[in-house]
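Visitor: Sequences listed follow chains A and B, in order. For the first sequence, the working numbering begins at 40 and goes up steadily by one. For the second sequence, the working numbering begins at 20 and goes up steadily by one. Think of the CB as a built atom: it goes at the ideal place given N, C-alpha and C, for glycine as much as any other residue. The structure displayed is predicted, hence computed values, not measured ones. Could you have a look at this structure, given as structure tokens, before my questions?
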Amino acid sequence: MSGAEQIPVVVKEVVPVNDLITRFRFVHREGRRLPSFSGGAHTVVEMDDNGIRRRNPYSLMGDPADTSGYSISVRRDDVGRGGSLYMHRVVRPGMEMVISNPVNLFALDLRARKHLFIAGGIGITPFIAMMAQAHRFGQRFELHYAARSRSLGAYMGELSERYGDRVHLHLDDEGTRLDLERLLARQPLGTHVYICGPKPMLAWVIDTATALGWPSEAIHYEEFLAPPTGQTFEVELAASNKRITVGAHQSLLEAIEAAGVDAPYLCRGGACGQCETDVLACDGRILHNDHWLTDAQKAEGTKIMPCMSRFEGRLLVLDR
Amino acid sequence: MTKTIFEPSILSRPVYGELEPRRGQGHLMVADGEGAEAILDCLARAPEAAAMLARTHIIYCPGPNGTDLSDRLAALGAAQFHRAPSFAAALPRLRRVLGDARMGTQVYLAGTEGLIGQALREVTDAGLPHTAVQTEHRGSTVRRVQCVHCKGITEDVRTDPFQCSHCGLWLFVRDHYSRRIAAFQGVNIDAEDPGQVPTPVVRFQ
């Protein structure tokens with residue numbers, strides 16, 4: 040079985056946080072402790088949505104020292120593929136579910152002298168775990184958390200209370216927007232910056248830091264992409280000798296799995312590289328949607344990341 | 020003298036590049052001996068050399084073979100130029116400068132492996148990833164070597180084997196290098212046949 044090892048859990052709590060965000064807590068079905076994790080880790084939650092098997096990654100937001108259960112926060116996306124709607128509408132306390140062991144693609148760089156966290160909206164979740172870890176180990180950190188309003192800034196009050204003046208809130212409707220260039224220009228040598236939020240925010244921070252001379256090694260970010268929808272297309276799986284159809288709202292990886300073929304994966308969001316697959320023949324155009332392959336590799340067309348990418352054309356044969 | 024080309028070796032053996040002017044809030048340049056020429060060449064390539072110099076701090080000491088190009092570096096007109104008689108003498112200043120520096124400061128190290136390695140250790144201790152630091156080797160190839168037996172460090176090693184300046188063992192100079200200690204590793208060459216020491220050959224000049 041591909042992916043990280045699975046854990047049978049039961050839903051312990053479902054707590055609405057604000058109009059868009061709900062928090063879920065999972066505990067082991069047999070009351071065991073869950074594996075320990077490090078700040079920035081995520082779990083992949085499996086959903087059986089009327090016959091469609093969904094597997095979505097969510098950042099663990101609890102204190103890494105607490106292994107009695109895992110907490111995640113899910114923002115409802117009314118126009119998404121349906122995973123977040125399923126979590127909001129179907130998941131209730133007492134329900135049995137399956138989640139994966141934690142995987143961390145967004146860990147603290149422990150060489151840092153100081154950690155600078157920049158969160159936009161629901162991007163706060165990995166930082167809640169990272170701050171608990173940094174706080175426990177006595178490391179310097181500072182959080183800048185931007186949201187449209189106080190009511191949409193989940194956990195703002197609790198975090199300010201817990202960490203005092205290490206937490207800075209930036210709210211559009213209160214006119215306290217982040218002066219990013221000033222912030223990044225004043226950081227002591229040895230600071231690492233971590234960004235989690237919407238794509239334009241990531242680009243803004245990366246570009247501003249780079250222009251100031253920050254090395255790329257000190258800039259960390261995590262962006263889970265949701266697999267884009269598109270036209271239905273057909274794919275041949277050479278190793279398993281199958282021909283499959285990928286539905287408009289299905290990812291290629293999901294279609295491969297639905298056909299009973301065990302394909303490797305970890306993040307399911309175009310970031311980790313685990314699902315990289317060789318293209319044996321291609322008559323058409325691969326729509327590369329990941330940020331794992333380099334531009335040169337994408338142009339070459341001999342590799343594809345099935346968790347994110349799609350195809351348009353006559354024939355695509357994969358080594359799977 | 021131009022940059023030194025070393026034979027490819029094992030993975031831990033440091034490799035050096037060529038200093039390029041980079042965009043940054045400040046520029047810290049540390050060099051010894053012929054490393055001064057790497058700084059001069061780098062600044063000569065800078066598109067806006069005057070603006071870069073106005074934010075540049077140069078710390079320099081003479082090389083192990085006596086090369087002292089202080090006058091040429093002083094004539095550049097950098098915001099700060101400091102000549103120290105040795106790297107050890109420059110260390111308190113380097114630590115202070117790193118302690119006050121902000122992210123966006125570019126670090127450039129040039130000269131001998133001893134200077135580059137020891138300065139790099141200070142920079143990484145200050146929290147900058149080692150891959151973010153530019154280095155260029157110029158001048159003497161003498162080595163800083165740690166005796167793996169007594170742990171003493173001998174500076175400016177020229178021959179292989181050489182006699183440890185602390186415990187007196189005859190040591191074979193490996194390419195195996197420690198970034199943490201900023202030194203190559205020296206291993207006793209006559210451990211199995213005491214007294215059978217090959218004639219020392221000058222390998223590092």
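1) Hey, is alanine 146 (chain A)'s beta-carbon within less than 9 Å of any beta-carbon in chain B?
2) When you compare each of A:Gly192, A:Leu147, A:Glu275 and A:Thr249 to alanine 151 (chain B) by their alpha carbons, which one comes out closest?
3) Compare the Cα-Cα distances from methionine 240 (chain A) to each of A:Glu262, A:Arg205 and A:Arg225 and report the closest residue.
4) Within the chosen definition, does the region 61-77 of chain A reach the region 100-110 of chain A through at least 3 CB pairs nearer than 8 Å?
5) Tell me where the alpha helix (DSSP H) around alanine 108 (chain B) begins and ends.
6) What would DSSP say about glutamate 351 (chain A), mapped onto helix, strand or coil?
7) Quick check on DSSP: helix, strand or coil for tryptophan 253 (chain A)?
8) Once DSSP output is grouped into helix, strand and coil, what is the label at histidine 174 (chain A)?
9) Helix, strand or coil for valine 152 (chain B) per DSSP?
10) Is it true that the region 340-358 of chain A meets the region 94-114 of chain B, where meeting means three or more beta-carbon pairs spaced less than 8 Å apart?
11) Considering only the beta carbon of each residue, do alanine 80 (chain B) and aspartate 51 (chain B) sit closer than 9 Å?
12) Could you work out which residues of chain B lie near leucine 228 (chain A), taking near to mean beta carbons separated by less than 7 Å?
13) Using the DSSP secondary-structure output, state which residues sit across from cysteine 321 (chain A) in a beta bridge.
14) Less than 9 Å between the beta carbons of arginine 187 (chain A) and aspartate 148 (chain A), yes or no?
15) I believe tyrosine 35 (chain B) touches threonine 154 (chain B) by the beta-carbon criterion, under 8 Å. Please report the beta-carbon distance rounded to the nearest angstrom.
16) For the beta strand (DSSP E) holding valine 50 (chain A), just list the boundary residues, first then last.
17) Could you name the residues of the region 239-271 of chain A whose beta carbon sits closer than 9 Å to any beta carbon of chain B, in the order they occur along the chain?
18) Which residues does DSSP list as the beta-bridge partners of valine 164 (chain B)?
19) Mind checking glutamine 360 (chain A): buried by the 16 CB within 10 Å criterion, or exposed?
20) Going along the chain, which residues of its own chain have a beta-carbon closer than 7 Å to the beta-carbon of valine 300 (chain A), five neighbours each way excluded?
21) Kindly provide the ranges of any beta strand (DSSP E) runs that are 3 or more residues long and lie completely inside the region 119-151 of chain A, ordered along the chain.
22) Identify the contact partners of leucine 223 (chain A) in chain D, using a Cβ-Cβ distance below 8 Å as the criterion.
23) Taking Cβ-Cβ distances below 7 Å as the criterion, which residues of the region 33-61 of chain B are in contact with chain A?
24) Give the residues from the region 109-133 of chain A that approach chain B closer than 8 Å (Cβ to any Cβ), ordered along the chain.
25) May I ask you to list, following chain order, the residues of the region 139-170 of chain A that have a beta carbon less than 7 Å from some beta carbon of chain B?
26) Exposed or buried, which one is methionine 100 (chain A) when buried takes at least 16 other CB atoms within 10 Å?
27) According to DSSP, is glycine 160 (chain A) helix, strand or coil?
28) What in chain A is Cβ-close to proline 150 (chain B), meaning under 7 Å?
29) Look up serine 98 (chain A) in the DSSP assignment and say whether it is helix, strand or coil.
30) Measure the C-alpha to C-alpha separation of glutamate 44 (chain A) and serine 139 (chain A) and round it to an integer number of angstroms.
31) Hey, could you find the ends of the beta strand (DSSP E) alanine 50 (chain B) is sitting in?
32) Counting along the chain, where does the beta strand (DSSP E) carrying isoleucine 77 (chain B) start and finish?
33) Taking the straight line between their C-alpha atoms, what separation do you get for aspartate 209 (chain B) and valine 164 (chain B)?
34) Taking Cβ to Cβ, would you say glycine 286 (chain A) is nearer than 9 Å to proline 96 (chain A)?
35) Indicate whether the contact test is met: 3 or more Cβ pairs, each with one atom in the region 25-45 of chain B and one in the region 62-79 of chain B, closer than 8 Å.
Guide: From the atom records:
1) Not closer than 9 Å to any Cβ of chain B, the Cβ of alanine 146 (chain A) fails to qualify, so no.
2) In terms of CA proximity to alanine 151 (chain B), A:Thr249 leads the group A:Gly192, A:Leu147, A:Glu275 and A:Thr249.
3) Selected option, being the one with the closest Cα: A:Glu262.
4) Per the Cβ contact rule, the region 61-77 of chain A is in contact with the region 100-110 of chain A (3 or more Cβ pairs under 8 Å).
5) According to the DSSP assignment, alanine 108 (chain B) belongs to the alpha helix (DSSP H) that extends over 106-119.
6) When DSSP states are grouped into helix, strand and coil, glutamate 351 (chain A) belongs to the strand group.
7) Note: tryptophan 253 (chain A) maps to coil in three-state DSSP.
8) Three-state DSSP puts histidine 174 (chain A) in a helix.
9) DSSP places valine 152 (chain B) in coil when its eight states are reduced to three.
10) Contact fails: fewer than three Cβ-Cβ distances are below 8 Å.
11) Rather than alanine, the amino acid found at residue 80 (chain B) in this sequence is cysteine. Taking 9 Å as the Cβ cut-off, cysteine 80 (chain B) and aspartate 51 (chain B) qualify as a contacting pair.
12) Per Cβ cutoff of 7 Å: Leu117, Ala120, Arg121, Met122, Thr124, Ala145, Gly146 and Leu147.
13) Beta-bridge annotation (DSSP): cysteine 321 (chain A) is paired with A:Leu355.
14) No.
15) About 5 Å separates the two Cβ atoms, so the contact holds.
16) Looking at the DSSP string, the run of the beta strand (DSSP E) that includes valine 50 (chain A) is 45-55.
17) Residues of the region 239-271 of chain A with a C-beta less than 9 Å from any C-beta of chain B: Ala248, Thr249, Ala250, Leu251, Gly252, Trp253, Pro254, Ser255, Glu256 and Ala257, listed in chain order.
18) In the DSSP output, where bridge partners are listed per residue, valine 164 (chain B) has B:Thr173 and B:Phe203.
19) Residue 360 (chain A) is absent from the model: chain A starts at 40 and stops at 359.
20) Around valine 300 (chain A): Leu276, Ser279, Lys281 and Arg359.
21) Entirely contained in the region 119-151 of chain A, the beta strand (DSSP E) runs reaching 3 residues are, in chain order, 135-139.
22) Of the protein chains in the structure, A and B, none is chain D.
23) Flagged, chain order: Arg41, Arg42, Gly43 and Gln44.
24) Taking 8 Å as the Cβ-Cβ cut-off, the region 109-133 of chain A has no residue approaching chain B.
25) Legend: CB atoms of the region 139-170 of chain A lying less than 7 Å from CB atoms of chain B belong to residues Arg150, Ala151 and Arg152.
26) Classification of methionine 100 (chain A): buried, given that the 10 Å Cβ count is 16 or more.
27) Glycine 160 (chain A) falls in the helix class under three-state DSSP.
28) Per the sequence presented here, residue 150 (chain B) reads as threonine, with proline not at that position. Correct list: Glu256.
29) Reduced to three states, the DSSP call for serine 98 (chain A) is strand.
30) Distance between the alpha carbons of glutamate 44 (chain A) and serine 139 (chain A): 6 Å.
31) Unbroken beta strand (DSSP E) run through alanine 50 (chain B): 45-51.
32) Note, isoleucine 77 (chain B): beta strand (DSSP E), 75-80.
33) Distance between the alpha carbons of aspartate 209 (chain B) and valine 164 (chain B) is about 18 Å.
34) The beta carbons of glycine 286 (chain A) and proline 96 (chain A) sit no closer together than 9 Å.
35) At 8 Å Cβ cutoff, the stretches touch.
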